[in-house]
Amino acid sequence: MSVTSPNHTTVVPVERVEPRTGPTLARREPVHAATWTWEPSERWVRGWVGDLAVVDSRRPVLVWEPGAKVPEYGFPLDDVRRELLVPGEAPAASYYRPRTPARQWFDLVVGDRRIEAAAWTWDVDALDGFIAFTWYPGVLDRWTEEEERVFAHPRDPRNRVDTLPSTRRIVVSDGDRVIADSTASVIVYETGLVPRYYLPREDVDWSALREISRWSECPYKGEATEYWAAADRPEREIAWSYPEPLPAVAAIAGRVAFYSERVTVEVDGIPVGSA
Numbered sequence: 072m073s074v075t076s077p078n079h080t081t082v083v084p085v086e087r088v089e090p091r092t093g094p095t096l097a098r099r100e101p102v103h104a105a106t107w108t109w110e111p112s113e114r115w116v117r118g119w120v121g122d123l124a125v126v127d128s129r130r131p132v133l134v135w136e137p138g139a140k141v142p143e144y145g146f147p148l149d150d151v152r153r154e155l156l157v158p159g160e161a162p163a164a165s166y167y168r169p170r171t172p173a174r175q176w177f178d179l180v181v182g183d184r185r186i187e188a189a190a191w192t193w194d195v196d197a198l199d200g201f202i203a204f205t206w207y208p209g210v211l212d213r214w215t216e217e218e219e220r221v222f223a224h225p226r227d228p229r230n231r232v233d234t235l236p237s238t239r240r241i242v243v244s245d246g247d248r249v250i251a252d253s254t255a256s257v258i259v260y261e262t263g264l265v266p267r268y269y270l271p272r273e274d275v276d277w278s279a280l281r282e283i284s285r286w287s288e289c290p291y292k293g294e295a296t297e298y299w300a301a302a303d304r305p306e307r308e309i310a311w312s313y314p315e316p317l318p319a320v321a322a323i324a325g326r327v328a329f330y331s332e333r334v335t336v337e338v339d340g341i342p343v344g345s346a
């Protein structure tokens with residue numbers, strides 16, 4: 072199959088050409104160290120309960136557990152409201168992190184509000200004097216770096232998220248039904264992840280979708296508060312949107328992306344993903 076897109080010549084699908092991997096040339100892979108690692112950060116980081124900054128640090132460190140892709144902030148003890156912390160138990164349900172057992176969990180008591188399992192210390196002697204706070208939704212009220220609200224987990228300084236406008240033809244199908252067809256996408260390229268194609272709403276067949284109640288948050292893109300399932304299978308989530316993304320990815324605001332793992336996404340006639 073070949074297609075012709077605006078501003079394009081006919082696109083003929085071809086196999087990817089790759090160098091020969093061997094002793095003199097290895098494919099570069101993401102580096103997830105097998106040991107504990109850290110690096111300093113210059114960001115001003117605050118964690119809030121209401122209007123109270125229970126964490127206020129201009130000298131945090133980023134800490135990666137062995138094999139972890141995502142870091143956590145470690146805060147010097149003098150940069151947190153230690154008088155509000157009391158020893159507690161591990162959370163009843165697993166948080167995203169820590170992945171390794173903590174040395175001590177702490178509850179956070181602010182007025183008559185007790186926030187269980189809000190913070191922990193690592194069971195690593197070299198990290199004595201530092202404490203971590205969970206960013207799990209619904210624990211602290213919000214986090215900020217400088218004056219920008221941040222989400223989910225600290226951002227890896229080596230992770231890139233690029234948004235590029237594209238005239239490639241993107242066709243999304245669910246079985247035999249075409250549910251989106253666009254030559255005006257914004258492609259999101261994020262380190263270590265497959266590209267995502269954000270399409271204008273007018274290029275989506277809305278009769279094929281059913282809105283569902285769901286939300287998620289991403290440290291690089293913000294809060295996705297619109298989700299859709301296939302109209303005939305409401306349990307099968309296939310699309311999402313960020314109505315008000317973070318400024319760095321403002322180009323995707325209101326656009327719709329589809330899971331290439333669950334529906335067929337073709338880029339200039341070439342299927343991508345694994346649906």
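Quick note on numbering: the sequence shown equals residues 72 to 346 in my numbering. For each residue, glycine too, the CB sits at the ideal point set by N, CA and C.
Leaving aside the five residues before and after residue i along the sequence, list all residues of the same chain whose C-beta is less than 7 Å from its C-beta, in chain order.
i: P147; result: S128, R130, G200 and F201
i: S253; result: I241, L270, P271 and D274
i: G159; result: W176, F177, D178, E187 and A188
i: P172; result: D194
In the DSSP assignment, find the unbroken beta strand (DSSP E) run with residue i in it and report its ends.
i: G121; result: From DSSP, G121 is part of no beta strand (DSSP E); its letter is neither H nor E.
i: L179; result: A173 to V181
i: R267; result: R267 to Y269
i: V134; result: V132 to W135
i: V102; result: Per DSSP, V102 belongs to no beta strand (DSSP E) and is neither H nor E.
i: D252; result: R248 to S253
i: Y144; result: E143 to P147
i: P47; result: Since the first residue shown for the chain is 72 and the last is 346, residue 47 is missing from the structure and cannot be characterised.
i: G293; result: G293 to A295
i: T108; result: T108 to P111
i: E261; result: S256 to E261
i: S287; result: S287 to C289
i: E337; result: T335 to V338
i: V343; result: I341 to V343
Kindly indicate which three-state DSSP category residue i falls into: helix, strand or coil?
i: A188; result: strand
i: W277; result: helix
i: R153; result: helix
i: V68; result: Nothing about residue 68 can be read from this structure; the chain reaches only from 72 to 346.
i: M72; result: With a pLDDT of 42 at M72, under the threshold of 50, the modelled position of this residue cannot be trusted, and the question is left open.
Name the residue from the options whose alpha carbon lies nearest to the alpha carbon of residue i.
i: E332; options: G325, V343 and D339; result: V343
i: S256; options: A104, V327, G93 and P90; result: V327
i: V151; options: V120, N230 and R170; result: V120
i: P318; options: G159, D149, R220 and Y144; result: R220
i: I250; options: D227, S278, P162 and G93; result: S278
i: V320; options: G293, A300, S287 and R304; result: G293
i: T296; options: G182, E282, R117 and A302; result: E282
i: P349; options: R285, S312, D122 and S112; result: What is shown of the chain runs 72 to 346, which leaves residue 349 out entirely.
i: P208; options: E187, R153, S244 and A301; result: E187
i: R170; options: T238, V181 and T192; result: T192
i: T205; options: P142, D196, N230 and I241; result: P142
i: E113; options: W107, P225 and P90; result: P225
i: N230; options: F222, R213, D247 and Y291; result: Y291
i: P101; options: F222, V88 and L264; result: L264
i: L211; options: D196, R185, D233 and P90; result: R185
Between residue i and the ligand HEM, is there a pair consisting of the residue's CB and a ligand heavy atom that are separated by less than 7 Å?
i: E308; result: Because no ligand of any kind appears in the structure shown, any question about the ligand HEM cannot be addressed here.
Sorted by chain position, which residues of the same chain lie with C-beta nearer than 6 Å to residue i's C-beta, five sequence neighbours on each side aside?
i: Y330; result: I309
i: R267; result: V259 and A328
i: A124; result: R117
In chain order, what residues of the same chain lie with their CB nearer than 8 Å to the CB of residue i, ignoring the 5 residues before and after it?
i: S165; result: none
i: D245; result: A279, A301, I309, V334 and T335
i: V181; result: V120, G121, L123, V125 and L155
Uninterrupted beta strand (DSSP E) stretches inside the segment 196 to 245 (no shorter than 3 residues): 201 to 204, 213 to 216, 219 to 221, 232 to 237 and 241 to 245
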